[in-house]
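Novice: Sharing a structure here in structure tokens format.
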Amino acid sequence: MGLFDKLAGWLGLKKKEVNVLCLGLDNSGKTTIINQLKPSNAQAQDIVPTIGFSIEKFRTSSLSFTVFDMSGQGRYRNLWEHYYKEGQAIIFVIDSGDKLRMVVAKEELDTLLNHPDIKHRRIPILFFANKMDLRDALSAVKVSQLLCLENIKDKPWHICASDAVKGEGLQEGVDWLQDQIRAMKT
Amino acid sequence: MSSVSQELKDTSVASSKWLDAHYDPVANLYTFSSCIALSDLHGDGENKLVVGDLGTGVCHMKLKVYRGTGLLSESTLLDLPTGLVSFLMDLHEPRTPAIAVASGPFIYVYKNLRPYFKFTLPSLEVNPLELDVWSQAREDMIDPMTLKEMLEGLRDKAEIPLSVRSLRFLMLEPQEMESFVHLYKEQPIRRQTVITCIGTLKKNMADDDAVSCLVIGTENGDVYILDPEAFTILYKMSLPSTATLMDVTGQFDVEFRITVACRNGNIYILRRDSPKPKYCIELSSHPVGLVRMGKNVVVGCTDETLHGYTQKGKKLWTAYLPAPVTTMALMDLPTRGFQAVLVGLANCEVHMYRDKNLISTIKTPDVVTSICFGRYGREDGTLIMTTKGGGLIVKILKRTAVFDDRDSAPGPPIAQSIRLNVPKKTKLYVDQTLRERENAVAMHRAFQMDLSRLRLAAARAYVKALESSLAPMSASLTEPLKMNAVVQGLGPSFKLTLNIQNTAASRPVMNLAISFLYDESLYSMRTAFFKIPLLVPGLNYPIDTFVECLSDKGISDIIKVFVLREGKSAPLLTAHINMPVSEGLALN
Numbered sequence: 001m002g003l004f005d006k007l008a009g010w011l012g013l014k015k016k017e018v019n020v021l022c023l024g025l026d027n028s029g030k031t032t033i034i035n036q037l038k039p040s041n042a043q044a045q046d047i048v049p050t051i052g053f054s055i056e057k058f059r060t061s062s063l064s065f066t067v068f069d070m071s072g073q074g075r076y077r078n079l080w081e082h083y084y085k086e087g088q089a090i091i092f093v094i095d096s097g098d099k100l101r102m103v104v105a106k107e108e109l110d111t112l113l114n115h116p117d118i119k120h121r122r123i124p125i126l127f128f129a130n131k132m133d134l135r136d137a138l139s140a141v142k143v144s145q146l147l148c149l150e151n152i153k154d155k156p157w158h159i160c161a162s163d164a165v166k167g168e169g170l171q172e173g174v175d176w177l178q179d180q181i182r183a184m185k186t
Numbered sequence: 001m002s003s004v005s006q007e008l009k010d011t012s013v014a015s016s017k018w019l020d021a022h023y024d025p026v027a028n029l030y031t032f033s034s035c036i037a038l039s040d041l042h043g044d045g046e047n048k049l050v051v052g053d054l055g056t057g058v059c060h061m062k063l064k065v066y067r068g069t070g071l072l073s074e075s076t077l078l079d080l081p082t083g084l085v086s087f088l089m090d091l092h093e094p095r096t097p098a099i100a101v102a103s104g105p106f107i108y109v110y111k112n113l114r115p116y117f118k119f120t121l122p123s124l125e126v127n128p129l130e131l132d133v134w135s136q137a138r139e140d141m142i143d144p145m146t147l148k149e150m151l152e153g154l155r156d157k158a159e160i161p162l163s164v165r166s167l168r169f170l171m172l173e174p175q176e177m178e179s180f181v182h183l184y185k186e187q188p189i190r191r192q193t194v195i196t197c198i199g200t201l202k203k204n205m206a207d208d209d210a211v212s213c214l215v216i217g218t219e220n221g222d223v224y225i226l227d228p229e230a231f232t233i234l235y236k237m238s239l240p241s242t243a244t245l246m247d248v249t250g251q252f253d254v255e256f257r258i259t260v261a262c263r264n265g266n267i268y269i270l271r272r273d274s275p276k277p278k279y280c281i282e283l284s285s286h287p288v289g290l291v292r293m294g295k296n297v298v299v300g301c302t303d304e305t306l307h308g309y310t311q312k313g314k315k316l317w318t319a320y321l322p323a324p325v326t327t328m329a330l331m332d333l334p335t336r337g338f339q340a341v342l343v344g345l346a347n348c349e350v351h352m353y354r355d356k357n358l359i360s361t362i363k364t365p366d367v368v369t370s371i372c373f374g375r376y377g378r379e380d381g382t383l384i385m386t387t388k389g390g391g392l393i394v395k396i397l398k399r400t401a402v403f404d405d406r407d408s409a410p411g412p413p414i415a416q417s418i419r420l421n422v423p424k425k426t427k428l429y430v431d432q433t434l435r436e437r438e439n440a441v442a443m444h445r446a447f448q449m450d451l452s453r454l455r456l457a458a459a460r461a462y463v464k465a466l467e468s469s470l471a472p473m474s475a476s477l478t479e480p481l482k483m484n485a486v487v488q489g490l491g492p493s494f495k496l497t498l499n500i501q502n503t504a505a506s507r508p509v510m511n512l513a514i515s516f517l518y519d520e521s522l523y524s525m526r527t528a529f530f531k532i533p534l535l536v537p538g539l540n541y542p543i544d545t546f547v548e549c550l551s552d553k554g555i556s557d558i559i560k561v562f563v564l565r566e567g568k569s570a571p572l573l574t575a576h577i578n579m580p581v582s583e584g585l586a587l588n
């Protein structure tokens, strides 16, 4: 790092770069959430199912996020683990309206937490209990119960209810994530 | 409830191939595999579960649609459903499939979950004599008793069976007949058959979203193929018996194959361009489940067996099951290229077979009466089962689950079924067997002769040994002696212990001596001659001596021991001692 870069960092002009993985089952709203977090002039109008993965960037007050928006379809889920090493934080999105597939989300989460690249790292995990606008959606507390989140003892985690279409609840989650990452870095 | 879910959890951990997505033991769902379908009813990419619920069998027949874990809609059915299929009937956008429910002689077609069309089976020909008899009754020319007698005569002889009305009339008590005749005599007689099974057949394209025809089997042994839009009969075929289970493959305009299990215990295979069955499989017992897997047909029978047949009716294999079959379904995962047959058993298990190999077992809390595997919601590998007690079980296949092809059923090891590579009979072998067959008597005689000679030679050698006392047992009556020798040590010096015993009953033996004979260049002995003291009968006398091996070349020899009587040159007994190789170095 050059002297100028350091200086810029001290003055807060240059923001720190963070790699974040966005995971979750298909149709849970990962791409919609990332889309909402982007500046309004860069937002896409219609969201289509992600194939493979896509890389998105957005900034918050102090950090510059690079998000790996992974596809949630069953046949692409085996790609996730190849990106675990690079990820400094994880966003895990759950469709709170899909009670049937909660077990599948739990299974994928357990596989993620037991992966050697994740298991012994203290990386923050942010859960979005998405689609809160649905009539029969489960509450964030219920979702965290069904996923047995209380068993995650060695990583900081946070769950917040969200409605990605309207953008509700997203900022709260991202603020928490930002605090965690800053706490880790210093 | 909590204990049941705990039990489910345990079994899932044991198998660990399935995730327990949902279990409702009181879903109040009573149905069979033929009345259950998965379909994207609203064209939103999310498959719903459509169930024709039999209710109690008398009332509460319902068409139920489930979305996720909840009931989406429910509509009453007029009669017991015998089959339910989901099919695309036209090319209009959006492509939403219709539901066809067969019950009685009708097919009720639902679109967007609303009644859309009702198809009625064509009525059958009525016996003209029966018509005649009833017209006479209408004009009061005959009384009910005569009507009964005439109808009974018709029932026993006629080629065309009686209508339902006449059959019911014959069942009545005499006092009820009058009113029955009055009530029905004005109405025309109709003979109607009912639908026993239903299937779908793609019209002219093999795509997943192609338009499909309905295929129905009826009680009087006919099979009809219906046009998907106009519901006219496109093709009619007849079977020797009533169809109970049906599997359809192919396309109507190109080539198709309908495999039908019938009530007479046979399976018939119908093909395009032949109104009669092409092939027939005669089963040893009645079929209860029929599944086509690729080009083969798998049939579950009432005698607790599962058979595999080719599509031409050749039997491939038989598997024996631990309990009676309740239902069967195909498990097809095209994304992984995996196919298996799911067999529900009466012992609360679901077995998964690939060919004749049992590859997995699922334990269920109740007896499963219907199985359906496919895409439910957005999940491809979903297994839906309903139970005898009206429960609904939904399991999801794990993404990481792998099934190994090995047979997990206990039984003989695989090595036992590997054929040995036995070489063919050579010409030499054949010639020898021929020769043996022709000269059997001569060969037997030659063998007996040689055997006698061998015995003679053996007897001679034995006598000679006895005469010259070469054996370690003395044969003489005056001095019955026994001796054995033990060699101890690694070498070059060995300890030689001779155990001598007098085996006589009471007489002691005296004046004996022992002498050794050995190669003096190899061994040296401290004392090569002993005198033996008086031998009391029955006691064991150990006599020690030391042998020194002189050679360090690792060779050994025999040392002969003679027991002699004083004044006689012939030994009483002889022992040969095989000396061990000296392992130590010679000291000098």
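Residue numbers (full-length UniProt numbering), protein chains in the order written: chain A, 1 to 186; chain B, 1 to 588. Note that the Cβ used here is the ideal one computed from N, Cα and C, for glycine as well. Since the model is a prediction, treat every value here as computed from it, not as a measurement.
Run through the stretch 44–78 of chain B for me and flag every whole beta strand (DSSP E) of 3 or more residues, listed as ranges in chain order.
Specialist: Here the runs fully enclosed are 48–53, 62–67, 70–76.
Novice: For D24/B, return the contacting residues in chain A, with the cut-off set at a CB-CB distance below 8 Å.
Specialist: Near D24/B there are no residues of chain A at all, since even the closest Cβ is about 12 Å away, more than 8 Å.
Novice: What span of residues does the beta strand (DSSP E) with A98/B cover, start to end?
Specialist: Taken as a continuous stretch (DSSP letters only), the beta strand (DSSP E) holding A98/B covers 98–103.
Novice: Strictly by DSSP, which residues pair up with G289/B?
Specialist: Its beta-bridge partners are G300/B.
Novice: In the DSSP assignment, find the alpha helix (DSSP H) that holds R399/B and state where it starts and stops.
Specialist: Taken as a continuous stretch (DSSP letters only), R399/B belongs to no alpha helix (DSSP H), as it is neither H nor E.
Novice: Kindly indicate which three-state DSSP category S16/B falls into: helix, strand or coil?
Specialist: Three-state result, S16/B: coil.
Novice: Report yes if the CB atom of M331/B is closer than 8 Å to the CB atom of A340/B, and no otherwise.
Specialist: In this structure, A340/B lies closer than 8 Å to M331/B by Cβ.
Novice: Between G55/B and L84/B, which are expected to be in contact by the criterion C-beta below 8 Å, what is the C-beta distance as a whole number of angstroms?
Specialist: That belief does not hold up - the Cβ atoms of G55/B and L84/B are roughly 14 Å apart, past 8 Å.
Novice: Alpha carbon to alpha carbon, how far is L154/B from K148/B? Give it in angstroms, no decimals.
Specialist: Approximately 10 Å between the Cα atoms of the pair.
Novice: Leaving out five residues on either side along the sequence, give the residues of the same chain with a beta carbon under 7 Å from the beta carbon of V367/B.
Specialist: Around V367/B: T326, A346, C348, T387, K388.
Novice: Determine the contact status of S551/B and L522/B, defining contact as a CB-CB distance below 8 Å.
Specialist: Cβ distance < 8 Å, so S551/B and L522/B count as in contact.
Novice: Quick one, which residues of the stretch 389–400 of chain B are near chain A if we go by CB-CB under 7 Å, in chain order?
Specialist: The residues in question are V394, I396, K398, R399.
Novice: Taking a cut of 7 Å between CB atoms, which residues from the stretch 358–390 of chain B lie near chain A?
Specialist: The residues in question are G377, R378, E379, D380.
Novice: In this structure, does DSSP put G221/B in helix, strand or coil?
Specialist: The answer is coil: DSSP assigns G221/B none of H, G, I, E or B.
Novice: Check whether the Cβ of L79/A lies closer than 8 Å to any Cβ atom in chain B.
Specialist: Not an interface residue.
Novice: Could you give the residue range of the alpha helix (DSSP H) that holds A105/A?
Specialist: Its alpha helix (DSSP H) spans residues 102–113.
Novice: Look up S2/B in the DSSP assignment and say whether it is helix, strand or coil.
Specialist: Unreliable placement is indicated for S2/B, whose pLDDT of 42 sits below 50; no coordinate value is reported for it.
Novice: If you reduce the DSSP assignment to three classes, tell me which class R455/B lands in.
Specialist: R455/B: helix per DSSP, three-state reduction.
Novice: In chain order, what residues of the same chain have a beta carbon less than 6 Å from the beta carbon of M1/A, not counting five sequence neighbours either side?
Specialist: Low confidence applies here, because M1/A scores a pLDDT of 48, under 50, leaving its location unreliable and the question unanswered by this model.
Novice: Output the distance between the C-alpha atoms of R207/B and D247/B, rounded to the nearest integer angstrom.
Specialist: The amino acid at residue 207/B is misidentified as Arg; the sequence shows Asp. Rounded to whole angstroms, D207/B to D247/B spans 18 Å at the Cα level.
Novice: Could you check whether P25/B and G391/B sit closer than 8 Å to each other, using their CB atoms as the reference points?
Specialist: The answer is yes: Cβ separation under 8 Å.
Novice: Taking its Cβ as the centre, do 16 or more other Cβ atoms sit within 10 Å of R378/B, making it buried, or is it exposed?
Specialist: Buried, by the Cβ-count rule.
Novice: Which residues does DSSP pair with Y110/B in a beta bridge?
Specialist: Its beta-bridge partners are I99/B, P115/B.
Novice: Tell me whether the stretch 108–125 of chain A and the stretch 39–48 of chain A touch, counting them as touching only if at least three CB pairs, one residue from each stretch, are closer than 8 Å.
Specialist: Segments in contact, no.
Novice: If we ignore side chains and look at the alpha-carbon of each, how far apart do T200/B and N127/B end up?
Specialist: Rounded to the nearest angstrom, the two C-alpha atoms are 33 Å apart.
Novice: Listing by chain order, which chain B residues have their CB less than 9 Å from the CB of N27/A?
Specialist: The contacting residues are G45, E46, R378.
Novice: Does the ligand ADP have even one heavy atom less than 7 Å from the beta-carbon of S551/B?
Specialist: In the structure on display, the ligand ADP does not appear, and there are no ligands present to speak of.
Novice: Can you tell me whether V174/A is buried or exposed, with buried defined as 16 or more other CB within 10 angstroms of its CB?
Specialist: By the 10 Å Cβ count, V174/A comes out buried.
Novice: So which residues on chain A does A21/B lean against when the C-beta distance must stay under 9 Å?
Specialist: Within chain A, the residues near A21/B are K99, L100, R101, M102, V103, V104.
Novice: Mapping DSSP to helix, strand and coil, what is E467/B?
Specialist: Helix.
Novice: Report the option in V181/B, Y108/B, S515/B, N112/B whose CA atom is closest to the CA atom of M141/B.
Specialist: It is V181/B whose Cα lies nearest to the Cα of M141/B.
Novice: If you count every other CB in all the chains shown that lies within 10 Å of the CB of K568/B, and 16 or more means buried, which is it?
Specialist: It counts as exposed.
Novice: At a Cβ threshold of 8 Å, is T196/B touching chain A?
Specialist: Not an interface residue.
Novice: Roughly how many angstroms separate the alpha carbons of E17/A and F65/A, rounded to a whole number?
Specialist: When rounded, the distance between both Cα atoms is 6 Å.
Novice: Quick one: Cα of L573/B to Cα of I514/B, how far?
Specialist: So the two alpha carbons sit approximately 10 Å from each other.
Novice: Using a Cβ-Cβ cut-off of 8 Å, state whether G68/B counts as contacting chain A.
Specialist: Yes, its Cβ sits closer than 8 Å to a Cβ of chain A.
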